[in-house]
């Protein structure tokens, strides 16, 4: 079923709801859409699979407000309410993981059965004065790098160069150019002012305290050749009781965009996790 619903602040969100069984909700990355998760979700027969486009992304409407993670988390909450979903497995990729962490911070884990996080660190920006053995090791970017990305995307004169260059660096070099262009074309659909503000908010969060509170069964899937530090994802697995870390090797498509480049491997890992 393809459908829409309207959030409490008047934004129309697009979603698909297919299959029967235990509910699984996929939360996509910044500048992405539900299409990024589609190849994986199609391989998980036997589950009720819900994929949605977050506000300002994909087929969902552009919002006038709510340009931050906690509003996206509230949208996820409203989606679960709209579909009356409980005992749900939430699966996030990149920013989608941060949306889930924000959701848990706001609403707690009462409706959550399991959690899966694909290629995200709980701390994106190096802390000032941090040494290699602490937060700098798990973080991905400097404050200067984030500022450059934000300003480059916000400026219409530079956006169509900065965004494709940034997104291209998230794939492995040998990923087919045609498929990469499809992803970049979808990303360019997102309003520049919205996406830059959202990235700025995303980059400045520190989810370590929230991650430590997770008690649900958790799977962490990392790309062995990703730009996101493996140490950051190991940190998540180490601080959630019983969590398991699985690393997809670079030779097998283990980039930051592993949900696209290694969809069969990611789907297999999720299938095993969901069945346990």
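Numbering (UniProt numbering), first residue to last: 1 to 276.
All residues carry an ideal CB built from backbone N, CA and C; glycine is no exception.
Need the endpoints of the alpha helix (DSSP H) that residue i sits in, please.
i           : result
residue 62  : Residue 62 -> no alpha helix (DSSP H), and no H or E assigned at all.
residue 15  : From DSSP, residue 15 is part of no alpha helix (DSSP H) but of the beta strand (DSSP E) over 12-18.
residue 85  : Where residue 85 is concerned, there is no enclosing alpha helix (DSSP H), given that its DSSP letter is neither H nor E.
residue 272 : 263-275
Can you grab the Cα-Cα spacing for the pair residue i / residue j, in whole Å?
i           : j           : result
residue 226 : residue 210 : 24 Å
residue 144 : residue 199 : 14 Å
residue 125 : residue 168 : 21 Å
residue 109 : residue 196 : 30 Å
residue 245 : residue 219 : 6 Å
residue 20  : residue 87  : 14 Å
residue 254 : residue 232 : 16 Å
residue 156 : residue 113 : 42 Å
residue 6   : residue 259 : 28 Å
residue 150 : residue 204 : 12 Å
residue 70  : residue 77  : 10 Å
residue 242 : residue 1   : 35 Å
residue 132 : residue 146 : Note that residue 132 has pLDDT 48, beneath the 50 cutoff, so the model's placement of it is unreliable and the number below is only indicative. Going by the C-alpha atoms only, they are around 19 Å apart.
residue 22  : residue 273 : 13 Å
residue 180 : residue 188 : 12 Å
residue 280 : residue 148 : Residue 280 is absent from the structure shown; the chain starts at 1 and stops at 276.
residue 235 : residue 138 : 8 Å
residue 193 : residue 59  : 18 Å
residue 135 : residue 122 : The pLDDT assigned to residue 135 is 49, lower than 50, so where the model puts this residue is not dependable; a value taken from the coordinates is nonetheless given after this. Between residue 135 and residue 122, the C-alpha separation is close to 10 Å.
residue 106 : residue 73  : 8 Å
residue 32  : residue 94  : 10 Å
Which stretch, first to last residue, makes up the beta strand (DSSP E) that contains residue i?
i           : result
residue 246 : 244-248
residue 39  : Residue 39 -> not in any beta strand (DSSP E); alpha helix (DSSP H) instead, spanning 38-41.
When DSSP builds the beta bridges, which residues end up paired with residue i?
i           : result
residue 93  : 118
residue 223 : 248
residue 277 : Missing from the structure shown is residue 277; the chain here goes from 1 to 276 and no further.
residue 206 : 123
residue 51  : 16, 26
residue 3   : 15
residue 218 : 115
Under the assumption that residue i contacts residue j (Cβ atoms under 8 Å), give the Cβ distance between them as a whole number of angstroms.
i           : j           : result
residue 52  : residue 90  : So it is not a contact: roughly 12 Å between Cβ atoms.
residue 265 : residue 240 : The Cβ separation is near 22 Å, so there is no contact.
residue 50  : residue 15  : 6 Å
residue 116 : residue 228 : With a Cβ gap of about 15 Å, residue 116 and residue 228 do not count as contacting.
residue 120 : residue 142 : Going by Cβ atoms, the distance from residue 120 to residue 142 rounds to 18 Å, so no, they are not a contact pair.
residue 190 : residue 56  : 6 Å
Query - Those runs of the alpha helix (DSSP H) which lie wholly inside the stretch 115-182 and span at least 4 residues - result: Counting only runs of at least 4 residues, the stretch 115-182 fully encloses the following alpha helix (DSSP H) elements, listed from N- to C-terminal order: 135-138, 143-154, 156-168.
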